[in-house]
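Which chain is which? The protein sequence lines are A and B, in order.
Counting from 111, one number per residue, gives the positions in the first sequence under this note's numbering.
Counting from 8, one number per residue, gives the positions in the second sequence under this note's numbering.
Just so it is clear, CB atoms sit at the ideal spot from N, CA and C, and this is done for glycine as well.
One structure below.
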Amino acid sequence: MSGPYLRTPGKGRSYDIFWKSVFFLGLFATIAALGWATNQVDYVWRWERIPDYFYFEKDIDITASMDGSISSIKKSGENALIIVTGEDNQSEQYEIPFSDLQVYEGDSIFVGDTLGIEKKWTMGIILEGLIVTLKVSAISIFFGIGLGLLTGLARISANPALRMTAITYIELIRGSPLLVQIFIWYFVLGTLINSLLSKFDISQVPPLWFGIASLAIFAGAYVAEIVRAGIQSVNRGQMEAARSLGMSNFNAMRHIIIPQAFRRILPPLAGQFISMIKDSSLLGVIAIRELTKATREAVSVSLQPFELWFLCAILYLILTFTFSMFVQYLEKRMVQR
Amino acid sequence: MIEVQNIYKTFFVTHEVQALSNVSHTVNQGEVVVVIGPSGSGKSTFLRCLNRLEFADSGHIYIDGVDILSPKTNINKIREEVGMVFQSFNLFPHKTVLENLTIAQTVVRNRSKSDATEKAMLLLKKVGIHDKAGTYPAQLSGGQQQRVAIARSLAMEPKILLFDEPTSALDPEMIGEVLDVMKAVAKEGMTMVVVTHEMGFAREVADEVLFMDHGMIIEKGTPEHFFTNPEEDRTKAFLSQIL
Ligand SMILES: Nc1ncnc2c1ncn2[C@@H]1O[C@H](COP(=O)(O)OP(=O)(O)OP(=O)(O)O)[C@@H](O)[C@H]1O
Ligand SMILES: [Mg+2]
């Protein structure tokens, strides 16, 4: 979006340089103060451990599943083939990386004894949380748009049943806190739905979907108001021209009104979904291990709260920033056509 | 072709406005009717009742014998045959000039894209802007936009065209080009109802002129009648202002 915008008149170059320096000085002072404060309480920063929360080599114990003794260890490439022979001459074979072997030939073995360790690259808890947050957000945005569009159209419909349903939905959702709605979805509707399902022997709905439902339905109410405002902002002559050409209300909406409204809707819509990505952090309260809950769990075992909480915030920032860049790209493409 | 019998229309906003009261008129096929009258006299309301953009409160309106105020009438079918040209053009700004002309043809008339394009190019040539087919309406002058709007209506091959002050939003030097297009359409036998104060246009192509005031048709007659010996005092007063 270019064009003239409101700005106080410039006051010259040296004025600019001075106050920009003030800004950067302030920024550095804040960071320095934070560093000083953590130093005072002897906090040890260990940023080098952070990558482990994304992807790390996990040790997996390989244990014996029968009593007996190691009858042979043979090398095969990088691995060792271990044969365990039991009392009645039954035998079992295990393959373990040679370097992490913990037994010798002839050792007696009992069920559950560790024979060796296999190392395996595994996703860390923060990455897992990030993926859950992404997934929840993407699905909620998808349904939020659909629901919001339908509700927005119903809101301005001539049919009183549609209009009143839309108004009731919008006011109900916008009038109560999201956290309470999440609890209602999980503890009230979730319990109800899952109890009914189990009564009819159908498999249960996992909490994730109640979380998605609460976010999508919450966002849908706001999107509906954005859609309504967008549609009403299109000059009413557009509708009259389309209808005068014999188009039905539906076709006029679809080909003439909504495409024009969509362009104006896009910026507030993006804002709404950015809030929604951030609001997904509340889902931890119903046992969905999204980014915030994952961070809390990581903090409770690692004792590295400073790095992890900063990391968590930065990850949200990256998500929302990427999203808003994507929307800006869409917007530009539409203006250029 | 158009038969209007005793229609009334009242608006309620802050107070009651009687926009039309007991209006009756018949327009025959191929006739051009020009409607004049002071601001707020109900000209637009009258015109908009003819394609049901405004729903008359009482009375009857027959288009080609079909009662358009009957709830059984499919108004979209009627509007396919009754085109309208607006004072503010109302072109679709997100579509090219060509798409403005093809969209209703494909969506409403179910024409193929190539048939619609062919028809559109023919009409654009006729109104003299075929070289602008790929541009967007915002890049055209007012006169060009209004000509596109007329072509857009013609693309539906309507039997009747309604014009609501098609030249009042235009700079004076562009009025002529739009009126020329309208005259050409009239000469081809289109049935037209035109709200305008362009008396030169009325004199040249109108079969009948209606003078409206306070929601009523005060005087009807040929253009000649209005220029030479209007009867009503209000008509005389109005004409002395615009001539
Ligand atoms: N949608 C509406 N809501 C309320 N009042 C209206 C509406 N449309 C028209 N009116 C009123 O009805 C009366 C007739 O209006 P109309 O637009 O038909 O007049 P007009 O002769 O076309 O005037 P103009 O030359 O200014 O276009 C006016 O008093 C106007 O304020
Ligand atoms: Mg008018």
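With distances taken between CB atoms, is the gap from isoleucine 14 (chain B) to isoleucine 70 (chain B) smaller than 8 Å?
-> Within the second sequence, residue 14 (chain B) is the residue found at index 7, counting from 1. Within the second sequence, residue 70 (chain B) is the residue found at index 63, counting from 1. Their beta carbons are not under 8 Å apart, which means isoleucine 14 (chain B) does not touch isoleucine 70 (chain B) by this criterion.
Supposed contact pair serine 160 (chain B) and leucine 269 (chain B) - C-beta distance, whole angstroms, cut 8 Å = Within the shown structure, residues of chain B are numbered from 8 to 250, placing residue 269 (chain B) beyond reach of any answer.
Could you confirm whether any beta carbon from chain B is found closer than 8 Å to the beta carbon of proline 369 (chain A)?
-> Against the first sequence, residue 369 (chain A) aligns to sequence position 259. Cβ-Cβ to chain B under 8 Å: yes for proline 369 (chain A).
Measure the alpha-carbon distance for phenylalanine 320 (chain A) versus arginine 374 (chain A) and round it to whole angstroms.
-> Sequence index remark: in the first sequence, residue 320 (chain A) carries index 210 (1-based). Sequence index remark: in the first sequence, residue 374 (chain A) carries index 264 (1-based). When rounded, the distance between both Cα atoms is 31 Å.
With a threshold of 7 Å, establish whether the CB of serine 385 (chain A) neighbours any heavy atom of ligand 2.
-> As a first step, residue 385 (chain A) is located in the first sequence; it is residue number 275 there, counting from the start. Incorrect: serine 385 (chain A) has no Cβ contact closer than 7 Å to ligand 2.
At least three beta-carbon pairs within less than 8 Å, the stretch 181–191 of chain A to the stretch 251–265 of chain A = no
Secondary structure at glutamate 10 (chain B), three-state DSSP: helix, strand or coil?
-> Translated into the one-based positions of the second sequence, residue 10 (chain B) becomes position 3. In the structure shown, glutamate 10 (chain B) sits in a strand (DSSP, three-state: E or B).
Return the CA-CA distance between alanine 397 (chain A) and lysine 403 (chain A), expressed in angstroms with no decimal places.
-> One-based indexing of the first sequence puts residue 397 (chain A) at position 287. One-based indexing of the first sequence puts residue 403 (chain A) at position 293. Each residue's Cα considered, the two are about 8 Å apart.
Going along the stretch 351–369 of chain A in order, which residues come within less than 8 Å of chain B, judged by CB to CB distance?
-> Ala351, Ala352, Arg353, Ser354, Leu355, Gly356, Met357, Ser358, Asn361, His365, Ile366, Pro369
Quick one: is the Cβ of glycine 347 (chain A) within less than 7 Å of any heavy atom of ligand 1?
-> Mapped onto the first sequence, residue 347 (chain A) falls at position 237. Result no, Cβ not under 7 Å from ligand 1.
What's the C-alpha gap between methionine 111 (chain A) and isoleucine 384 (chain A)?
-> One-based indexing of the first sequence puts residue 111 (chain A) at position 1. One-based indexing of the first sequence puts residue 384 (chain A) at position 274. Confidence at methionine 111 (chain A) is low in this model, with a pLDDT of 45, below 50, so its placement is unreliable and the value that follows should be read with caution. Straight-line Cα distance between these residues: approximately 20 Å.
Under a Cβ-count criterion, where at least 16 other Cβ atoms within 10 Å of its own Cβ denotes burial, should alanine 244 (chain B) be classed as buried or exposed?
-> As a working note, residue 244 (chain B) is residue 237 in the second sequence. It counts as exposed.
Counting only runs of 4+ residues fully inside the stretch 310–366 of chain A, write out the alpha helix (DSSP H) ranges in chain order.
-> 317–343, 346–354, 359–362
Excluding the five sequence neighbours on either side, which residues of its own chain have a C-beta within less than 8 Å of the C-beta of alanine 145 (chain B), listed in chain order?
-> For the purposes of this step, residue 145 (chain B) is taken as the residue at position 138 of the second sequence. Around alanine 145 (chain B): Pro100.
With 8 Å as the C-beta to C-beta threshold (strictly closer), list the residues of the stretch 50–81 of chain B near chain D in chain order.
-> Judged by its chain identifiers, the structure shown contains no chain D, and its protein chains are A and B.
Chain A contact for methionine 163 (chain B) (CB, 8 Å cutoff) = Taking the first residue of the second sequence as 1, we reach residue 163 (chain B) at position 156. Yes, methionine 163 (chain B) counts as interfacial toward chain A.
Going by beta carbon distance, what residues of the same chain come within less than 7 Å of threonine 52 (chain B), once the five residues before and after it are set aside?
-> The sequence position of residue 52 (chain B) within the second sequence is 45, counting from 1. Same-chain partners within the cutoff: Lys16, Ala26, Leu27, Glu61.
Note down the Cα distance separating serine 175 (chain A) from tyrosine 165 (chain A), rounded to an integer number of angstroms.
-> Taking the first sequence and counting its residues from 1, the one referred to as residue 175 (chain A) is at position 65. Taking the first sequence and counting its residues from 1, the one referred to as residue 165 (chain A) is at position 55. Going by the C-alpha atoms only, they are around 30 Å apart.
Which bits of chain A does glycine 90 (chain B) rub up against, with CB to CB less than 8 Å?
-> Here residue 90 (chain B) corresponds to residue number 83 of the second sequence, with the count starting at 1. Those within 8 Å of glycine 90 (chain B) in chain A are Ser354, Leu355.
Check whether the Cβ of glutamine 342 (chain A) lies closer than 8 Å to any Cβ atom in chain B.
-> Within the first sequence, the letter at position 232 stands for residue 342 (chain A). It does not; no Cβ of chain B falls within 8 Å.
Heavy atoms of ligand 1 versus C-beta positions, residues under 6 Å | B:Phe18, B:Val20, B:Val24, B:Ala26, B:Gly44, B:Ser46, B:Gly47, B:Ser48, B:Gly49, B:Lys50, B:Ser51, B:Thr52
With hydrogens ignored, establish whether the beta-carbon of aspartate 171 (chain B) is closer than 7 Å to any heavy atom of ligand 2.
-> Residue numbering aside, residue 171 (chain B) sits at position 164 when the second sequence is read from its first letter. Yes, ligand 2 has a heavy atom inside 7 Å of this Cβ.
Leaving aside the five residues before and after phenylalanine 433 (chain A) along the sequence, list all residues of the same chain whose C-beta is less than 8 Å from its C-beta, in chain order.
-> As a working mapping, residue 433 (chain A) is identified with position 323 in the first sequence. So the list reads Ala380, Phe383, Ile384, Ile387, once near-sequence residues are dropped.
With 16 as the cutoff for other CB atoms within 10 Å, does glutamine 203 (chain A) come out buried or exposed?
-> Position 93 of the first sequence, counted from the start, is the residue given in the question as residue 203 (chain A). Under this definition glutamine 203 (chain A) is an exposed residue.
In chain A, what lies closer than 9 Å to isoleucine 167 (chain B) by C-beta?
-> If you number the second sequence from 1, residue 167 (chain B) lands on position 160. Simply none; closest approach about 11 Å.
Can you tell me which of A:Ser179, A:Leu421, A:Ile127, A:Thr173 puts its alpha carbon nearest to the alpha carbon of glycine 239 (chain A)?
-> Start at 1 with the first residue of the first sequence, and residue 239 (chain A) comes out as number 129. The residue with the shortest Cα to Cα distance from glycine 239 (chain A) is A:Leu421.
Any contact of the stretch 124–139 of chain A with the stretch 195–209 of chain A, i.e. 3+ C-beta pairs under 8 Å?
-> no
Nearest candidate by alpha-carbon position, reference methionine 8 (chain B), set B:Ala123, B:Phe233, B:Val34, B:Glu164 = Indexing the second sequence from 1 puts residue 8 (chain B) at position 1. Checking every option, the nearest Cα to that of methionine 8 (chain B) belongs to B:Val34.
Taking any Cβ of chain A, which residues in the stretch 98–114 of chain B have a Cβ under 8 Å from it, in chain order?
-> Leu98, Phe99, Pro100, His101, Ile110, Ala111, Val114
Hey, is glycine 394 (chain A)'s beta-carbon within less than 8 Å of any beta-carbon in chain B?
-> Working through the first sequence from its first residue, we reach residue 394 (chain A) at position 284. Cβ-Cβ to chain B under 8 Å: no for glycine 394 (chain A).
Are any of the Cβ atoms in chain A nearer than 8 Å to that of arginine 118 (chain B)?
-> The residue you call residue 118 (chain B) lines up with position 111 of the second sequence. No - not a single Cβ of chain A is within 8 Å of the one on arginine 118 (chain B).
If we cut at 8 Å on Cβ distances, does glutamine 348 (chain A) have a partner in chain B?
-> Position 238 of the first sequence, counted from the first residue, corresponds to residue 348 (chain A). Yes, glutamine 348 (chain A) lies at the interface with chain B (some Cβ there is under 8 Å from its Cβ).
Give the C-beta separation of leucine 355 (chain A) and valine 192 (chain B) to the nearest angstrom, bearing in mind that I take them to be a contact with Cβ-Cβ under 8 Å.
-> Against the first sequence, residue 355 (chain A) aligns to sequence position 245. Against the second sequence, residue 192 (chain B) aligns to sequence position 185. At roughly 16 Å, the Cβ-Cβ gap does not stay under 8 Å, so leucine 355 (chain A) and valine 192 (chain B) are not in contact.
Measure how close the beta-carbons of threonine 198 (chain B) and glycine 37 (chain B) come, nearest whole angstrom, since I'm counting them as under 8 Å.
-> For this step, residue 198 (chain B) is matched to residue 191 along the second sequence. For this step, residue 37 (chain B) is matched to residue 30 along the second sequence. Yes, threonine 198 (chain B) and glycine 37 (chain B) are in contact; Cβ-Cβ is about 6 Å, under 8 Å.
With distances taken Cα to Cα, identify the nearest neighbour of threonine 242 (chain B) among B:Glu226, B:Thr21, B:Pro78, B:Leu131.
-> By 1-based counting over the second sequence, the position of residue 242 (chain B) is 235. Measuring from the Cα of threonine 242 (chain B), the nearest candidate turns out to be B:Glu226.
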